[in-house]
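Each residue of the sequence shown is one higher than the last, beginning at 1 in UniProt numbering.
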Amino acid sequence: GKLVMFSGDNPGFSAGAHAVLNKDCELGRGGFGAVYRTVLWDGRPVAIKKLTVSSLVKSQEDFEREVKKLGKLRHPNLVALEGYYWTPSLQLLIYEYVPSGSLYRHLHEGSADALSWRERFDIILGVARSLAHLHQLNVIHYNLKSSNVLVDGAGEAKVGDYGLAKLLPMLDRYVLSSKMQSALGYMAPEFACRTVKVTEKCDVYGFGVLVLETTTGRRPVEYMEDDVVVLCDAVRGALEEGRVEGCVDDRLQGSFPPEEAVPLMKLGLICTSQVPSNRPDMAEVVNILELIRCPQESSQGEEMG
């Protein structure tokens, strides 16, 4: 097999390539494959994604070209792609290891410490910056969801799984959307329509859902016994009835500034507009978020910084 690290050194795995993929080290599974934690020769932990869709992977040449492109995308809010391993039957992507777990886990898996309002806002802003960076370089994420947003020890958002749809040949959209059924609720409506070109605006839609999920602490789609609640619709309804503040996550126990929370949820709703051209682009979103952030906080930050 061929192991390539973008940093130039090839430390190799301290165990063989197949041995690194043992169940004990599995961090999770997603639409494109399982992720494992392992350690390189030099003692550095990394996260390894084993692509489970190898029958769909492009030729080695195409695969390497796309992966090298993704490896150049450095940003403080992206999980860095550090290398890859290729054999015809096994393709691995080697990422930096982010220890603190996913945003999904922080929001939904009842950890004792609920994220504070400030932490949530900073995560949303970090995700927005990472997407603006990807879009500037003409990379579409395609698969944004809270389980793909990792939170590092300093509370910074790190977005993973970006651009992976490009590693697979032009998958039929229906296959693509079923591959991403785990992203149910984040999929922009144009994915279901063959005649509409899917652009970076599909990421803006997923981002809008993520904003509402992070603000409310609710999943994008909730299945009740005899009902299905779509988060965007629930928040839109609350806004129309003038009770949108009541949508904010109860775990915050009321400690959040409404002057940030309400515009933030409105931004989430604009981003999830059914019509792609009505959604703002991510560079605009970053500017809007910086305006929404309470002015007294940012001015204090400037004095301190």
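Where a beta carbon is used, it is the ideal one built from N, C-alpha and C, also for glycine.
For residue i and residue j, what's the separation of their Cα atoms in angstroms?
i           : j           : result
residue 227 : residue 101 : 31 Å
residue 97  : residue 103 : 15 Å
residue 182 : residue 42  : Caution is warranted here: a pLDDT of 49 is assigned to residue 182, below 50, making its placement in the model unreliable, and no coordinate value can be reported.
residue 174 : residue 187 : Any reading at residue 174 is ruled out, since the residue's pLDDT is 46, under 50, leaving its predicted position unreliable.
residue 170 : residue 198 : Note on residue 170: pLDDT 48, under 50, position unreliable in the model; no value is reported.
residue 300 : residue 63  : In this predicted model, residue 300 has a pLDDT of only 44, less than 50, meaning its place in the structure is not dependable enough to derive any value.
residue 225 : residue 120 : 30 Å
residue 46  : residue 191 : 33 Å
residue 243 : residue 128 : 26 Å
residue 288 : residue 264 : 9 Å
residue 33  : residue 113 : 29 Å
residue 143 : residue 160 : 9 Å
residue 269 : residue 105 : 23 Å
residue 151 : residue 126 : 10 Å
residue 59  : residue 74  : 25 Å
residue 134 : residue 214 : 21 Å
residue 286 : residue 163 : 20 Å
residue 229 : residue 250 : 18 Å
residue 93  : residue 29  : 14 Å
Please classify residue i: is it buried, with 16 or more other beta-carbons within 10 angstroms of its beta-carbon, or exposed?
i           : result
residue 87  : exposed
residue 220 : buried
residue 282 : buried
residue 107 : buried
residue 193 : exposed
residue 223 : exposed
residue 115 : buried
residue 241 : exposed
residue 275 : exposed
residue 147 : buried
Give the range of the alpha helix (DSSP H) segment to which residue i is assigned.
i           : result
residue 222 : Not the alpha helix (DSSP H): residue 222 falls in the beta strand (DSSP E), residues 221–223.
residue 192 : It is not in any alpha helix (DSSP H) - residue 192 carries neither H nor E in the DSSP assignment.
residue 258 : 258–271
residue 275 : Per DSSP, residue 275 belongs to no alpha helix (DSSP H) and is neither H nor E.
residue 77  : Residue 77 -> no alpha helix (DSSP H), and no H or E assigned at all.
residue 248 : Taken as a continuous stretch (DSSP letters only), residue 248 belongs to no alpha helix (DSSP H), as it is neither H nor E.
residue 287 : 282–292
Over what stretch of residues does the beta strand (DSSP E) that includes residue i continue unbroken?
i           : result
residue 4   : 2–5
residue 200 : From DSSP, residue 200 is part of no beta strand (DSSP E); its letter is neither H nor E.
residue 240 : Counting along the chain, residue 240 falls outside any beta strand (DSSP E), though it belongs to the alpha helix (DSSP H) covering 231–240.
residue 83  : 81–87
residue 158 : 157–159
residue 311 : Past the edges of the chain, shown from 1 to 305, lies residue 311, and the structure says nothing about it.
residue 150 : 149–151
From the DSSP secondary-structure annotation, give me the bridge partner or partners of residue i.
i           : result
residue 96  : 46
residue 38  : 46
residue 91  : 86
residue 51  : 33
residue 228 : 223
residue 102 : 150
Taking Cβ positions only, does residue i come closer than 8 Å to chain D?
i           : result
residue 261 : You won't find chain D in this structure, because it holds only one protein chain.
> Which runs of the alpha helix (DSSP H) spanning at least 4 residues fall entirely within the segment 115–140, listed in chain order?
Replying inline: If only uninterrupted alpha helix (DSSP H) runs of at least 4 residues are considered, those enclosed by the segment 115–140 are 117–136.
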